[in-house]
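A.B. asks:
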Amino acid sequence: MSQPRPWKTRLNSSALALLAVALLAGQPASAADNSADEARLEELKVEIAKLQQWLNQASDEHSKLSSSMQKTDKDIDELSRKIEETRRLLQEEQAQVKKLYQEQAQLNELQAAHRARLQAQVQAAYRLGSNSPVKLLLNQDDPEQARRMLTWFGYFNNARIQQIDTAISELQRLEHIREDIAAEEARLHQSEADLLQQTDSLATSKQEQQRQLASLQQQMQNEQQRLRSKEADRKRLESLLQEVQTLVEKSPRKNDARPFASLKGQLPKPVEGKLLASFGTPQSEGPGNWHGWLVSAPEGSKIKAVHHGRVVYADWLRGYGLLMILDHGDGFLTLYAHTQTLQYGVGSWVNQGDVIGTVGMSGGQSQAGLYFEIRKGGQPQNPASWLRRK
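Going by mature numbering (1 follows the signal peptide of the UniProt record, and there is no 0), the letters in the sequence shown line up with residues -31 to -1, 1 to 359, in that order.
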């Protein structure tokens, strides 16, 4: 048996490697384990294919959203030009209104002049009194004077009637112009309001499209990262399985210990502490159930091997921190995760009760503890069936 020594671990970014080793690394030489290796690799390939398919669909959706945003931008541009044209027409109408107000002022002056002339005519008529044209004619001694008087009366009445008609016509024209201007201004203001409302609606639509596009882009980035991670997991899994298989096949096995299978219910606990999660119970974070035990223990507590075996993995795995896996022969593996230190390296032999590491919080744990699994032929076993109760 090799002597315990501090083991310097290297970081490993593949969380799937833990599952692969836990399922497969114990018996790479067996047909069942080779089949399990291939099955896990096929699962990874299927997951990668699904991710690639999703990314292709997302890319199509991204193109559709981009095209929709392009159309929205063009619609907003067209509406903006319509708004500018409407405002230009409003300015022209306002200039026309200003001109009409000037004309109105002139008409008011003309109307005042008409009133003044009418007033003068009324006063002149008043001075003539109640004398009718016939009476004035009969009172004239000179027939020529009488004729001129009658002519003057005719001119006077015609001029008075014409002036009154002109004033009425101008006032009516002014009123019609006012009505037309008011109607046109109302129409243009309503048109401007409608265009602004359409622009606001399109702007809101554009914001929603931008939000969807940003969300899709972020999701695509996340899925692309997942795809890269899956690809890396697949490559690492293939490499790790090959390394473990080579190690187990080439290394001689010691037979100076009782078979693991004969010690069911008699194995010592790897560490003493409170059981936080037991085998088969649902995990609080993530899908699936626990495949082992999560035991709370003070940081730095000694972790002991539950049986004689050989170290086939001693490294850091994402989600599990510093991890050691022992191969006990006949398809049995034990896993020790979230450790603070590892005392043995790959290929080392340990005996039951040897300190193989210390309890820690590696792998992103919020409290110190040990995650422990037992596997047989790649299948998780309930530690309660194998470990001593006391």
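Cβ atoms here follow ideal geometry from the backbone N, Cα and C, with glycine treated the same way.
1) Going by C-alpha to C-alpha distance, which of GLY261, ASN25, GLN321 sits closest to TYR305?
2) Can you give me the C-alpha to C-alpha distance between HIS276 and MET189, rounded to a whole angstrom?
3) Just confirm the distance between the C-beta atoms of PHE248 and ALA353, as a whole number of angstroms; I'd bet it's less than 8 Å.
4) Just to check my reading of the structure: PRO237 and ARG357 have Cβ atoms closer than 8 Å, yes? What is that Cβ distance to the nearest angstrom?
5) Whole angstroms is fine: what's the gap from TYR289's alpha carbon to GLN235's?
6) Which two residues bound the contiguous beta strand (DSSP E) that contains LEU286?
7) Just how far apart, CA to CA, sit GLN193 and ILE17?
8) The beta strand (DSSP E) that contains GLU342, what's its start and end?
9) So, for ALA(-1): in the same chain, excluding its five sequence neighbours on each side, which residues have a beta-carbon less than 8 Å away from its beta-carbon?
10) In whole angstroms, what separates the C-alpha of LYS51 from that of LEU59?
11) Do GLY332 and GLN309 have their beta-carbon atoms positioned less than 8 Å apart in this structure?
12) Please look up how many angstroms separate the CB atoms of VAL319 and VAL280, rounded, as I've assumed it's under 8 Å.
13) In this structure, how does DSSP classify LYS19 when only helix, strand and coil are distinguished?
14) Please report the distance separating the alpha-carbon of ASP296 from that of THR303.
15) Alpha carbon to alpha carbon, how far is SER231 from PHE341?
16) With the cut-off set at 8 Å, would you say LEU292 and SER265 are in Cβ contact?
17) Run through DSSP, which three-state label would THR120 get?
18) Looking only at its own chain, which residues have a Cβ that is under 8 Å from the Cβ of GLY322, when we skip the five neighbours before and after it?
19) From what residue to what residue does the beta strand (DSSP E) around GLN321 run?
20) In this structure, does DSSP put ALA266 in helix, strand or coil?
21) Would you kindly check if the distance between the Cβ of LEU185 and the Cβ of LEU20 is under 8 Å?
22) Tell me whether ASN351 sits in a helix, a strand or coil according to DSSP, three-state version.
23) First and last residue of the beta strand (DSSP E) that includes LYS359?
24) Take GLU144 as the anchor and find which of ARG56, GLU72, GLN181 has the nearest alpha-carbon.
25) Provide the residue(s) that pair with PHE301 in DSSP beta bridges, ordered along the chain.
26) Under the rule that 16 or more other beta-carbon atoms within 10 Å means buried, what is ARG142, buried or exposed?
27) Taking the alpha carbon of ASP284 as the reference point, which residue from GLY278, ALA85, PRO267, TYR313 has its own alpha carbon closest?
28) Looking only at its chain, what residues have a beta carbon closer than 7 Å to the beta carbon of ASP299, apart from the 5 residues adjacent to it on each side?
29) May I have the straight-line CA-CA distance separating ALA128 from ARG86, to the nearest angstrom?
30) Given a threshold of 16 other Cβ atoms within 10 Å of its Cβ, counted over all protein chains shown, does GLN348 qualify as buried or as exposed?
31) Look at the alpha carbon of SER37 and the alpha carbon of LEU24, and state the distance between them as a whole number of angstroms.
32) When burial is assigned at 16 or more other CB atoms within 10 Å of the CB, is ARG344 buried or exposed?
C.D. replies: Quick look at the numbers:
1) GLY261
2) 47 Å
3) 7 Å
4) 6 Å
5) 27 Å
6) 278 to 286
7) 10 Å
8) 338 to 345
9) Residue confidence is low: ALA(-1) scores 43 on pLDDT, short of 50, so the model does not pin down where it sits. Its coordinate-derived value is still stated next. Counting only Cβ-Cβ distances below 8 Å, and skipping sequence neighbours, we find nothing.
10) 12 Å
11) no
12) 7 Å
13) helix
14) 7 Å
15) 20 Å
16) no
17) helix
18) PRO237, LYS273, ALA274
19) Careful: GLN321 lies outside any beta strand (DSSP E) and carries neither H nor E.
20) coil
21) no
22) coil
23) Note, LYS359: premise wrong, no beta strand (DSSP E); not H, not E.
24) GLU72
25) GLY298, LYS345
26) exposed
27) TYR313
28) PRO228, PHE229, ALA230
29) 10 Å
30) exposed
31) 20 Å
32) buried
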